Ligand code: FAD
Ligand code: MLT
Ligand code: ZN
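In full-length UniProt numbering, the protein residues as written are 1 to 477.
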């Protein structure tokens with residue numbers, strides 16, 4: 001890195017910091033980073049920065065701050081809310097963490113792992129397993145999503161019911177602030193009450209307050225026993241009762257408890273090759289439950305059979321299958337994980353990532369489905385997801401034969417319709433995907449007043465020039 005960058009243009013100075021492999025400007029190189037996974041947004045950037053170290057991130061950010069150049073941090077670019085996509089305005093850069101993918105340390109005794117922000121989630125899971133441990137975060141995009149992005153969105157996923165969100169899996173953070181300063185907070189402590197817990201500010205901030213460059217993650221004992229069951233249930237209420245039954249039988253064993261509708265399963269069978277219902281008859285409601293234990297001989301299969309038998313007698317389940325092998329377990333999980341892709345293949349769809357208190361999930365699904373069908377006749381509600389967390393993806397797929405653009409033009413009406421019911425039930429308009437660019441206009445109504453004012457004050461204090469991920473999270477920000 002040359003000592004004197006002052007004589008150079010901002011772009012040349014960034015190139016001098018990063019070297020030729022670290023800065024791309026060709027349109028074909030930039031293209032994949034300019035659009036989001038859902039195809040909702042395409043933006044502009046004058047360069048893609050690919051730093052390889054925290055020092056390089058810091059130097060780039062300091063330089064951008066000096067010139068007022070906006071920075072859009074990007075991990076795996078799997079955001080559901082356009083959070084990692086630049087706006088359409090000149091003079092900004094995308095900063096990809098992909099080259100910062102090292103595992104700095106694993107401590108299987110302390111049960112911690114210190115990794116860089118660009119490490120892909122599946123790799124983090126593998127490294128933990130290589131050390132006889134578990135890193136439990138798990139979601140459909142895990143082959144692309146990176147630790148920095150997962151923390152910046154406080155990702156949830158399939159195992160929140162047992163292990164919490166990404167926030168609960170983090171002990172310490174290294175962060176580059178909007179002026180280029182570095183917070184060296186990679187502490188591996190379970191207890192550390194030393195002033196404001198700044199690390200938590202950056203979790204869920206979606207890149208608006210700084211750039212996460214590394215994190216200390218919590219590890220857990222690897223599972224020694226796993227039982228997976230797919231159950232056909234007669235109603236949403238029965239799905240909730242089954243959740244309560246499993247938790248009452250052994251609260252600590254429930255690793256995942258996912259709800260799927262007959263409509264969603266039908267879309268999976270129709271669009272995803274090699275999938276089929278492993279039960280005798282199709283029904284309107286399904287549950288996928290995973291039980292795990294970190295000790296052998298925990299008797300989870302017997303526990304599952306006992307719970308399912310009792311539920312069958314009470315009419316709370318109609319049929320169930322317990323996976324007999326790892327391959328069968330994977331094929332049951334595939335039916336769940338292919339839901340987003342199956343909806344995409346079926347037609348235009350609007351996502352509503354909402355949460356309500358767990359006890360209100362059945363009412364929320366029923367009321368939203370009815371209201372959505374009434375609003376757009378022929379449209380197909382596809383509620384699915386993390387019932388155990390009260391987080392259902394109350395998605396809506398277009399009516400057959402309708403022009404996709406005509407359906408998508410109703411997106412905001414659809415979200416408003418769901419949100420009104422969710423609000424009535426004491427829920428949230430974004431359970432795990434964040435606010436990004438898609439939902440900033442909901443913030444005033446849901447978080448307005450003192451809460452939004454405090455968020456704006458934090459943003460102004462840390463990022464007075466507003467260079468970090470503009471247009472995301474805060475309305476007008
Ligand atoms: P990106 O999409 O690149 O970025 C997300 C946000 O974080 C952006 O605002 C970006 O600017 C910011 N950011 C990225 N890296 C950094 C960094 N190092 N420092 C500061 N800011 C940063 N999400 C769930 O919570 N649960 C699910 O079950 C789930 N399932 C999904 C299934 C599929 C098929 C897909 C495509 C997505 C799913 N998601 C889910 C959404 C998405 O995977 C998560 O939001 C994930 O956390 C994003 O990680 P990423 O690395 O792709 O981040
Ligand atoms: C999932 O859990 O699969 C995603 O978060 C939901 C979605 O695609 O809407
Ligand atoms: Zn989800």
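Glycine included, every Cβ here is placed at the ideal spot set by N, Cα and C.
Since the model is a prediction, treat every value here as computed from it, not as a measurement.
Leaving out five residues before and five after residue 5 in sequence, what residues of the same chain have Cβ atoms less than 8 Å from its Cβ? As a working mapping, residue 5 is identified with position 5 in the chain shown. The residues are 13, 16, 17 and 63.
Does the beta-carbon of residue 443, which I'm using as the reference point, lie nearer than 8 Å to any heavy atom of the ligand FAD? On the chain shown, residue 443 is found 443 positions in, with the first residue counted as 1. Checking every heavy atom of the ligand FAD against the Cβ of residue 443, none is found closer than 8 Å.
What span of residues does the beta strand (DSSP E) with residue 470 cover, start to end? For the purposes of this step, residue 470 is taken as the residue at position 470 of the chain shown. Segment: none, residue 470 is in no beta strand (DSSP E) and carries neither H nor E.
Once DSSP output is grouped into helix, strand and coil, what is the label at residue 125? For the purposes of this step, residue 125 is identified with residue 125 of the chain shown, where counting begins at 1. Reduced to three states, the DSSP call for residue 125 is helix.
Would you say the beta carbon of residue 158 is closer than 8 Å to some non-hydrogen atom of the ligand MLT? One-based indexing of the chain shown puts residue 158 at position 158. Residue 158 Cβ: within cutoff of the ligand MLT.
Limits of the unbroken alpha helix (DSSP H) element including residue 311: Within the chain shown, numbered from 1, the residue matching residue 311 stands at position 311. Unbroken alpha helix (DSSP H) run through residue 311: 300-313.
My output table needs one value for residue 58: the three-state DSSP class, helix, strand or coil. Along the chain shown, read from residue 1 onward, the residue named residue 58 stands at position 58. Helix at residue 58.
Return the chain-ordered list of same chain residues with a C-beta closer than 7 Å to the C-beta of residue 478, the five sequence neighbours on each side being excluded. With the chain covering only 1 through 477, there is no way to say anything about residue 478.
My output table needs one value for residue 219: the three-state DSSP class, helix, strand or coil. Along the chain shown, one-based indexing puts residue 219 at 219. The answer is coil: DSSP assigns residue 219 none of H, G, I, E or B.
With H, G and I counted as helix, E and B as strand and the rest as coil, what does DSSP make of residue 147? Your numbering for residue 147 matches position 147 in the chain shown. Helix, per DSSP.
Touching by the beta-carbon criterion (3+ pairs, under 8 Å), the region 318-335 and the region 279-290: Yes, since at least three Cβ pairs between the region 318-335 and the region 279-290 fall closer than 8 Å, the two stretches touch.
Buried or exposed: which applies to residue 441, given that a residue is buried once 16 or more other Cβ atoms fall within 10 Å of its Cβ? Here residue 441 refers to the residue found at position 441 when the chain shown is read from its first residue. So residue 441 ends up on the exposed side.
Could you tell me if residue 193 is buried or exposed, where buried requires 16 or more neighbouring beta carbons within 10 angstroms of its beta carbon? Walking along the chain shown from the start, residue 193 turns up at place 193. Exposed: under 16 other Cβ atoms inside 10 Å.
Within 10 Å of its beta-carbon, does residue 252 have 16 or more other beta-carbons around it, so buried, or fewer, so exposed? Residue numbering aside, residue 252 sits at position 252 when the chain shown is read from its first letter. Around the beta carbon of residue 252, a 10 Å sphere encloses fewer than 16 other beta carbons of the protein chains shown; the residue is thus reported as exposed.
Cα-Cα separation, residue 275 to residue 123: Taking the chain shown and counting its residues from 1, one reaches residue 275 at position 275. Taking the chain shown and counting its residues from 1, one reaches residue 123 at position 123. Approximately 26 Å, taken between the alpha carbons.
Beta strand (DSSP E) containing residue 532: first to last residue? The structure shown does not extend to residue 532, since the chain spans only 1 to 477, so no value can be given for it.
What are the residues that DSSP puts in a beta bridge with residue 281? On the chain shown, position 281 is the one that residue 281 refers to. Residue pairing by DSSP places residue 281 in no beta bridge whatsoever.
Considering residue 375, what are the terminal residues of the alpha helix (DSSP H) in which it resides? Locating residue 375 in the chain shown gives position 375, where the first residue counts as 1. 361-375 is the span of the alpha helix (DSSP H), which, as asked, contains residue 375.
Counting C-beta neighbours from all protein chains within 10 Å, is the total for residue 224 16 or more, i.e. buried, or is it exposed? Here residue 224 refers to the residue found at position 224 of the chain shown. Its Cβ having fewer than 16 others within 10 Å, residue 224 is exposed.
Measure the C-alpha to C-alpha separation of residue 365 and residue 185 and round it to an integer number of angstroms. Looking up residue 365 in the chain shown gives position 365. Looking up residue 185 in the chain shown gives position 185. Rounded to the nearest angstrom, the two C-alpha atoms are 42 Å apart.
Compute the minimum distance between the beta carbon of residue 363 and the heavy atoms of the ligand NAD, and state whether it is under 8 Å. Judged by which ligands are present, the ligand NAD is missing from the structure shown, whose ligands are the ligand FAD, the ligand MLT and the ligand ZN.
Contact between the region 350-365 and the region 309-327: three or more CB pairs below 8 Å? No: the two stretches stay apart, fewer than three of their Cβ pairs being nearer than 8 Å.
Quick one: residues in its chain with C-beta nearer than 6 Å to the C-beta of residue 125, no 5 flanking neighbours on either side, listed in chain order? Residue mapping note: residue 125 aligns to position 125 of the chain shown, counting from 1. So the qualifying residues of the chain are 135.
For residue 28, which of helix, strand or coil comes out of DSSP? Here residue 28 is taken as the residue at index 28 of the chain shown, counted from 1. Reduced to three states, the DSSP call for residue 28 is helix.
Compute every distance between the C-beta of residue 446 and the non-hydrogen atoms of the ligand FAD, then say whether any falls below 8 Å. As a first step, residue 446 is located in the chain shown; it is residue number 446 there, counting from the start. Residue 446: no, Cβ never under 8 Å from the ligand FAD.
Whether residue 240 touches residue 231 by CB criterion (9 Å): Walking along the chain shown from the start, residue 240 turns up at place 240. Walking along the chain shown from the start, residue 231 turns up at place 231. Taking 9 Å as the Cβ cut-off, residue 240 and residue 231 do not qualify as a contacting pair.
DSSP state of residue 478, grouped into three classes? The question about residue 478 has no answer, for the chain in this structure spans 1 to 477.
The ligand MLT and residue 388: does the residue's C-beta get closer than 8 Å to at least one heavy atom of that ligand? By one-based count along the chain shown, residue 388 stands at place 388. False, no ligand heavy atom lies under 8 Å from that Cβ.
Excluding the 5 residues preceding and the 5 following residue 338 in the sequence, name in chain order all residues of the same chain whose CB lies nearer than 6 Å to its CB. The sequence position of residue 338 within the chain shown is 338, counting from 1. Taken in chain order, the residues that qualify are 268 and 272.
Compute the distance between the beta-carbons of residue 97 and residue 458, then report whether it is under 9 Å. Here residue 97 is taken as the residue at index 97 of the chain shown, counted from 1. Here residue 458 is taken as the residue at index 458 of the chain shown, counted from 1. Going by C-beta atoms, residue 97 is not nearer than 9 Å to residue 458.
Span of the alpha helix (DSSP H), counted from its first residue to its last, around residue 264: Mapped onto the chain shown, residue 264 falls at position 264. Run containing residue 264: 262-271, per the alpha helix (DSSP H) assignment.
May I have the straight-line CA-CA distance separating residue 176 from residue 61, to the nearest angstrom? Mapped onto the chain shown, residue 176 falls at position 176. Mapped onto the chain shown, residue 61 falls at position 61. Taking the straight line from one Cα to the other gives about 8 Å.
Beta strand (DSSP E) containing residue 397: first to last residue? Against the chain shown, residue 397 aligns to sequence position 397. Run containing residue 397: 391-397, per the beta strand (DSSP E) assignment.
Expressed to the nearest angstrom, what Euclidean distance is found between the alpha-carbon atoms of residue 250 and residue 229? Mapped onto the chain shown, residue 250 falls at position 250. Mapped onto the chain shown, residue 229 falls at position 229. Taking the straight line joining both Cα atoms gives about 15 Å.
Just verifying my parser: in three-state terms, what is the DSSP assignment at residue 113? On the chain shown, position 113 is the one that residue 113 refers to. In this structure, residue 113 counts as strand in the three-state DSSP scheme.
Alpha helix (DSSP H) containing residue 238: first to last residue? Here residue 238 refers to the residue found at position 238 when the chain shown is read from its first residue. 236-250 is the span of the alpha helix (DSSP H), which, as asked, contains residue 238.
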